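One structure is given below, encoded as structure tokens.
Residue numbers (full-length UniProt numbering): 1 to 329.
Written out as structure tokens, the structure is:
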């Protein structure tokens with residue numbers, strides 16, 4: 001004769017011998033559930049943190065970033081450091097073409113203006129033109145590359161042949177033509193550089209777009225009713241942005257060099273001070289033949305250092321985004 005098993009209720013309200021399902025921890029009182037926007041921002045912060053962690057391993061990239069940060073801070077503080085009066089020809093404090101001294105560490109120009117002050121003030125225009133021209137160039141190249149890679153067919157063939165025509169034409173010659181036929185201003189220089197230097201970005205972005213659109217999730221998005229605009233903006237563009245970022249960083253140094261060349265040829269804005277404009281003024285003043293090296297050296301060295309810094313940063317960014325390259329260490 002067997003006795004019945006007796007079950008006694010436990011403190012949790014279940015009986016002994018019964019399996020209990022795991023209970024999820026209760027959310028803290030007053031806490032709001034994460035929204036879609038907060039989750040997206042958290043994901044972006046993690047991405048930026050990972051990017052910076054990898055970027056810090058590239059010593060050359062860190063040197064370039066430190067140099068750019070210093071130059072950018074000096075350019076932003078130019079009104080406080082030297083003031084806008086340094087550009088005035090009528091209120092020049094020194095004599096024409098004075099060599100470096102305690103009062104003028106880099107000497108003076110042909111009007112008696114301090115070259116150190118002009119160098120600091122000119123950094124604002126040179127950096128601004130380089131950034132805007134590179135942004136315009138990359139924007140045009142990205143738009144052309146994504147559209148050509150997405151639609152394909154005869155449309156892509158026509159667009160790429162036009163791109164090849166721009167690619168084989170000398171960029172500097174096209175920029176000189178545009179700067180000559182348009183009014184002389186800073187925006188003309190930006191436009192001339194931007195609309196002539198986009199083909200390389202367009203070809204790179206087109207190749208990346210074709211690679212992205214061959215992935216299965218693009219086919220699923222199309223099957224679910226995603227249109228051309230949705231596919232290009234929500235799926236293709238985020239995947240080509242790392243390439244666009246690296247190309248922008250590398251393009252700024254080229255834009256700065258092109259701006260300096262146009263200004264040296266007398267096609268820049270005569271109302272503003274830039275490093276290329278300083279070289280053009282030195283040429284007109286006969287600094288090369290008369291041996292006034294202090295007039296030529298500072299702007300030339302500044303252009304070279306900024307271009308080098310942007311190139312180092314661009315190579316480091318490219319290496320972080322594409323570890324297979326293995327450059328920049």
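The C-beta atom is built at its ideal place from N, Cα and C for all residues, glycine as well. Every value quoted in this text rests on a predicted model; they were computed, and no experiment measured them.
Cβ neighbours of residue i in the same chain (closer than 8 angstroms, five flanking residues each side left out)
i, result
"residue 91", "85"
"residue 129", "186, 189, 190, 193, 255, 256, 259 and 274"
"residue 78", "120, 121, 123 and 124"
"residue 100", "106, 107 and 294"
"residue 222", "231"
"residue 217", "235"
"residue 56", "62"
"residue 43", "none"
"residue 282", "109, 288, 292, 295, 296 and 299"
Residue i - partner residues in DSSP beta bridges
i, result
"residue 248", "In DSSP, residue 248 forms no bridge with anything."
"residue 289", "Looking at the DSSP assignment, residue 289 forms no beta bridge with any residue, so it has no partner."
"residue 114", "108"
Proximity to residue i [Cα-Cα], best of the options
i, options, result
"residue 265", "254, 181, 279 and 273", "279"
"residue 274", "87, 148, 93 and 77", "87"
"residue 174", "246, 181, 196 and 219", "196"
"residue 138", "101, 246, 225 and 45", "246"
"residue 70", "97, 127 and 38", "127"
"residue 76", "89, 57, 35 and 124", "124"
"residue 98", "285, 314 and 302", "285"
"residue 113", "225, 143 and 82", "82"
"residue 271", "183, 213, 40 and 153", "183"
"residue 332", "142, 33, 220 and 44", "Because residue 332 is not part of the residues shown, which for the chain are 1 to 329, the question remains open."
"residue 146", "46, 59, 220 and 238", "238"
Under 8 angstroms between C-beta atoms of residue i and residue j
i, j, result
"residue 209", "residue 236", "yes"
"residue 311", "residue 250", "yes"
"residue 115", "residue 293", "no"
"residue 316", "residue 61", "yes"
"residue 150", "residue 241", "no"
"residue 144", "residue 159", "yes"
"residue 313", "residue 68", "yes"
"residue 341", "residue 309", "Past the boundaries of the shown model lies residue 341; the chain is included only from 1 to 329, so the question cannot be answered."
Beta-carbon contacts of residue i that lie in its chain and below 6 angstroms, excluding the five residues immediately before and after
i, result
"residue 89", "111"
"residue 73", "none"
"residue 38", "none"
"residue 277", "263 and 268"
"residue 96", "110 and 112"
"residue 248", "134 and 138"
"residue 178", "192"
"residue 176", "none"
"residue 140", "198"
Own chain partners of residue i with C-beta closer than 7 angstroms, once the 5 adjacent residues on each side are dropped
i, result
"residue 23", "At residue 23, the pLDDT of 47 sits below 50, so the modelled position is not reliable; the number obtained from the coordinates is stated separately. None."
"residue 287", "295 and 296"
"residue 226", "none"
"residue 327", "Because residue 327 carries a pLDDT of 43, less than 50, the predicted location of this residue cannot be relied on, and the following value inherits that uncertainty. The residues are 315 and 319."
"residue 228", "150"
"residue 40", "none"
"residue 211", "none"
"residue 165", "none"
"residue 307", "253, 256 and 257"
Test: residue i CB closer than 8 angstroms to a CB of chain C
i, result
"residue 65", "The structure shown has no chain C; it contains just one protein chain."
Problem set entry | the segment 251-261 contacting the segment 128-140, beta-carbon criterion three pairs below 8 angstroms | yes
Exercise. How about the segment 192-208 and the segment 107-125: do they share at least three Cβ pairs that are nearer than 8 angstroms?
Worked result: no
Exercise. Does the segment 304-321 touch the segment 46-55, meaning 3 or more C-beta pairs lie closer than 8 angstroms?
Worked result: yes
Exercise. Quick check: the segment 105-114 against the segment 293-301, are there 3 or more CB pairs under 8 angstroms?
Worked result: yes
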